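Protein chains in written order, with the working numbering: chain H, 1 to 223; chain X, 224 to 658. Here is the structure we will look at, set down as structure tokens.
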């Protein structure tokens, strides 16, 4: 389902060129929960952006569902993301002036849904946010915010869910709850790729990879 | 969920920033509309003042014209017609002439139907010594009263005390004092008795030593039968100061061997004086018109600078506000782009907010501008009150201009920040944690 080969990403700056990723290859099948571990600044987020069709690699190829998004036009790539990829971030990125319901429905701005409100309420129920539907993010706990972000990511029922430190701002109980949702998504046939520097979080994945200085290798414990 | 709903919610969410942006647009539009309104009001006030002034001048001119007409009627020519060979220097020295012409001349002139010459008074005048009063020198005037034109006989004859019936005498003041005479007394003059017909009050002129008797009797006493030495043509008609020359010509054609002298006409002088007053009033009106036009031009120039400056200031303020907005909303744009919202929609979202703020600011600014314009327009006027009807206050062309300017200022101010937002790389924003 997700296949990346020879991914390299270099950034040019005033202090010269920095190599964030160097010849990274990976593969994840439908129903697989894959974790990428590593310290801050090792290139995890860059890898996730490239896999999420947001950041063109300097070299290498990405295939999601057999299609290389970087061969598409920017507009087509936007549609591609809307249809097939869900994102969850440590910072949640909820729209502050929209209610929980409206935040979950936000992906309908990118791709129309036949019944957006019903789908949003379905997710609200699934993530146990029914009593928070009309609240704005500022009125929610961090755990609730991350659940809203998860619900938004799943609005169009994507094939691939990319999670960047989804438990970074959560307490243990909420982290466990979010991870269990990710596990459930994978069990339902989706592919999850989570980048984290928490070994505990990575423990929920079927497989964990270790990233260091832009290169990827299986962890000692991961299998 | 749609872009407009998101726009309204965002405007409400960031109330302070939205209100400041709205106020900037409203102030710019209010300044523009207020300037237009004040200029329009000033123009109307000027027109009102000038119209009133013009009416006053017209009324003054009509009054002057009427006065002129009346004056022309009252101050008609007094003409003296004497024989052609009469030396006028002698006339002025002696007070009467020593050349004579036939009495028939006056009848000829009267029957000539000249419209401009009327009230003809034929006289025979001569200084004589009054033997019955110790040889005292007096002026004896024989007159037969005014001769009117044949077609004017029905009118009441002009009586200035010159009608002297046969056998009577009219005495000047000094002569009456000398004789202690009163009406009805008998006075002997040049060997003939005359009943005193009338005595004049003191006039301070040679009239005071004059005795008037009937023309025929004077001709007999002076040995000048059928002769006169002057015809006075009194109250000759004038046509607004023109025609003295033609009057002379007309008389000359009827009585070729006479000369016509004008006696103290004031018609022309008064006419010219009136005309001068009228011209000065018109000049003052023109000066005031130019003054109002100059004031209007100055105000237009001020408004022409002030409005663009305020509009530019509003655009700059909106641009700065939009840049701040872009910074605040980076995370929002990043996630929207990440979940597949196209950059064009992000641009639309941003500009939709600018359009809403612009339209609302335009409406508010237009209303405020109308009120400000009416307030200052009245205060700045020259005292004339101009009451505007609602239709005049709510002019559709100004409303359209206000909304167009408001939209243009908002969208232009937000354009560059919106483009930046739309083009921002979502990966960069999300990697930076939305900062």
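In this text, a Cβ means the ideal position worked out from N, Cα and C, and glycines have one as well. All figures in this text were calculated on a predicted structure; none of them were measured in a lab.
In whole angstroms, give me the CA-to-CA distance for residue 244 of chain X and residue 580 of chain X. Translated into the one-based positions of the second chain, residue 244 of chain X becomes position 21. Translated into the one-based positions of the second chain, residue 580 of chain X becomes position 357. If I take the Cα positions, the gap works out to 7 Å.
Counting C-beta neighbours from all protein chains within 10 Å, is the total for residue 419 of chain X 16 or more, i.e. buried, or is it exposed? Numbered from 1 along the second chain, position 196 holds the residue referred to as residue 419 of chain X. Label assigned to residue 419 of chain X: buried.
For residue 443 of chain X, the three-state DSSP class (helix, strand or coil): Translated into the one-based positions of the second chain, residue 443 of chain X becomes position 220. Here residue 443 of chain X sits in helix by DSSP.
Coarse secondary structure for residue 549 of chain X, derived from DSSP in three states: Position 326 of the second chain, counting from 1, holds the residue named residue 549 of chain X. Correct three-state label for residue 549 of chain X: helix.
Which residues does DSSP pair with residue 416 of chain X in a beta bridge? Along the second chain, read from residue 1 onward, the residue named residue 416 of chain X stands at position 193. Per DSSP, X/411.
Hey, which unbroken runs of the alpha helix (DSSP H) at 4 residues or more fall wholly within the stretch 267 to 350 of chain X? 311 to 317, 327 to 334
Would you mind stating whether residue 304 of chain X and residue 453 of chain X have Cβ atoms separated by less than 8 Å? By one-based count along the second chain, residue 304 of chain X stands at place 81. By one-based count along the second chain, residue 453 of chain X stands at place 230. Contact flag set, yes.
Give the interface partners of residue 233 of chain X over in chain H, defined as CB-CB distance under 8 Å, in chain order. As a position in the second chain, residue 233 of chain X is number 10, starting the count at 1. Within 8 Å Cβ-Cβ: 97.
Any non-hydrogen atom of the ligand FAD within 7 Å of residue 72 of chain H CB: The model on display carries no ligand, and the ligand FAD is accordingly not part of it.
What first and last residue would you give for the alpha helix (DSSP H) that runs through residue 194 of chain H? Here the question's residue 194 of chain H lines up with position 194 in the first chain. Here residue 194 of chain H belongs to no alpha helix (DSSP H); instead the beta strand (DSSP E) covers 191 to 196.
Under 8 Å by Cβ, that's how I've got residue 260 of chain X and residue 588 of chain X pegged, so tell me the actual separation to the nearest angstrom. For the purposes of this step, residue 260 of chain X is taken as residue 37 along the second chain, with counting starting at 1. For the purposes of this step, residue 588 of chain X is taken as residue 365 along the second chain, with counting starting at 1. Not quite, the Cβ-Cβ distance comes to about 12 Å (not below 8 Å), so this is no contact.
Within chain H, partners of residue 229 of chain X - CB distance below 9 Å: Residue 229 of chain X sits at position 6 when you count from the first residue of the second chain. Here the neighbours are 95, 97, 98, 102, 106, 109.
Which class does residue 258 of chain X belong to by DSSP, given the choice of helix, strand or coil? Within the second chain, numbered from 1, the residue matching residue 258 of chain X stands at position 35. Of the three classes helix, strand and coil, the one that applies to residue 258 of chain X here is helix, per DSSP.
With a CB to CB cut of under 6 Å and the five nearest residues on each side skipped, what residues in its chain are close to residue 158 of chain H? Locating residue 158 of chain H in the first chain gives position 158, where the first residue counts as 1. Excluding sequence neighbours, residue 158 of chain H sits near 84, 85, 86.
Check whether chain H comes within 8 Å of residue 244 of chain X, counting only Cβ atoms and requiring the distance to be less than that. Taking the second chain and counting its residues from 1, one reaches residue 244 of chain X at position 21. No, because no Cβ of chain H sits closer than 8 Å to the Cβ of residue 244 of chain X.
From which residue to which residue does the alpha helix (DSSP H) around residue 146 of chain H run? Against the first chain, residue 146 of chain H aligns to sequence position 146. 142 to 153 is the span of the alpha helix (DSSP H), which, as asked, contains residue 146 of chain H.
In chain order, what residues of the same chain have a beta carbon less than 7 Å from the beta carbon of residue 505 of chain X, not counting five sequence neighbours either side? Residue 505 of chain X sits at position 282 when you count from the first residue of the second chain. Counting only Cβ-Cβ distances below 7 Å, and skipping sequence neighbours, we find 280.
Between the Cα of residue 440 of chain X and those of X/431, X/413, X/471, X/425, spot the shortest distance and give me the residue it belongs to. Counting from 1 along the second chain, the entry for residue 440 of chain X is found at position 217. Among X/431, X/413, X/471, X/425, the Cα nearest to that of residue 440 of chain X belongs to X/413.
Tell me the rounded alpha-carbon separation between residue 614 of chain X and residue 254 of chain X. Numbered from its first residue, the second chain carries residue 614 of chain X at position 391. Numbered from its first residue, the second chain carries residue 254 of chain X at position 31. The straight-line gap from Cα to Cα measures roughly 20 Å.
Among the residues of its own chain, which have a CB less than 8 Å from the CB of residue 6 of chain H, if the five just before and after it don't count? Numbered from its first residue, the first chain carries residue 6 of chain H at position 6. If we look at residue 6 of chain H and ignore the five residues flanking it on each side, its Cβ neighbours are 23, 24, 25, 59, 60, 61.
Please return the same chain residues whose Cβ sits closer than 7 Å to the Cβ of residue 576 of chain X, not counting the five positions on each side in sequence. One-based indexing of the second chain puts residue 576 of chain X at position 353. Closer than 7 Å at the Cβ level, and outside the excluded window around residue 576 of chain X, lie 230, 233, 234.
Quick one: what's got a C-beta closer than 6 Å to residue 353 of chain X's C-beta in the same chain, skipping five residues either side? What you label residue 353 of chain X is simply residue 130 of the second chain in a count that begins at 1. So the qualifying residues of the chain are 359, 361.
Can residue 584 of chain X and residue 240 of chain X be called in contact, C-beta distance under 8 Å? Taking the second chain and counting its residues from 1, one reaches residue 584 of chain X at position 361. Taking the second chain and counting its residues from 1, one reaches residue 240 of chain X at position 17. No, these two residues do not count as a Cβ contact at 8 Å.
Amino acids of chain X, ordered along the chain, whose beta-carbon sits closer than 8 Å to that of residue 266 of chain H: An answer regarding residue 266 of chain H cannot be provided, because it is not within the stretch 1 to 223 covered by chain H.
Within chain C, the residues that residue 89 of chain H reaches when beta carbons sit closer than 7 Å: Looking at the structure shown, chain C is missing, and the protein chains on hand are H and X.
If we cut at 8 Å on Cβ distances, does residue 558 of chain X have a partner in chain H? On the second chain, residue 558 of chain X is found 335 positions in, with the first residue counted as 1. Closer than 8 Å to some Cβ of chain H, the Cβ of residue 558 of chain X qualifies, so yes.
On a Cα-Cα basis, can you pick out the residue from X/355, X/427, X/516, X/282 that is closest to residue 415 of chain X? Sequence index remark: in the second chain, residue 415 of chain X carries index 192 (1-based). Selected option, being the one with the closest Cα: X/355.
Can you tell me whether DSSP reads residue 205 of chain H as helix, strand or coil? One-based indexing of the first chain puts residue 205 of chain H at position 205. If DSSP states are grouped into helix, strand and coil, residue 205 of chain H belongs with coil.
Between which two residues does the beta strand (DSSP E) harbouring residue 79 of chain H extend? If you number the first chain from 1, residue 79 of chain H lands on position 79. Segment 74 to 84 is the alpha helix (DSSP H) holding residue 79 of chain H; no beta strand (DSSP E) there.
Interfacial residues, the stretch 68 to 84 of chain H to chain X, with Cβ spacing under 7 Å: 75, 78, 79, 81, 82
Does the structure place the stretch 537 to 548 of chain X close enough to the stretch 131 to 146 of chain H that three or more beta carbon pairs sit under 8 Å? no
Residue 358 of chain X - DSSP class collapsed to helix/strand/coil: Residue mapping note: residue 358 of chain X aligns to position 135 of the second chain, counting from 1. Residue state, collapsed to three classes: coil.
Ranges of the beta strand (DSSP E) found wholly within the stretch 13 to 68 of chain H, counting only runs of at least 3: 16 to 28, 33 to 37, 59 to 64
Cβ neighbour criterion (16 or more within 10 Å) applied to residue 55 of chain H: For the purposes of this step, residue 55 of chain H is taken as residue 55 along the first chain, with counting starting at 1. The residue is buried, with at least 16 neighbouring Cβ atoms inside 10 Å.
Can you check DSSP and say which residues form a bridge with residue 163 of chain H? Here residue 163 of chain H corresponds to residue number 163 of the first chain, with the count starting at 1. Answer is H/88, H/194, bridged to residue 163 of chain H.
Backbone secondary structure at residue 6 of chain H - three-state DSSP: Against the first chain, residue 6 of chain H aligns to sequence position 6. Strand, per DSSP.
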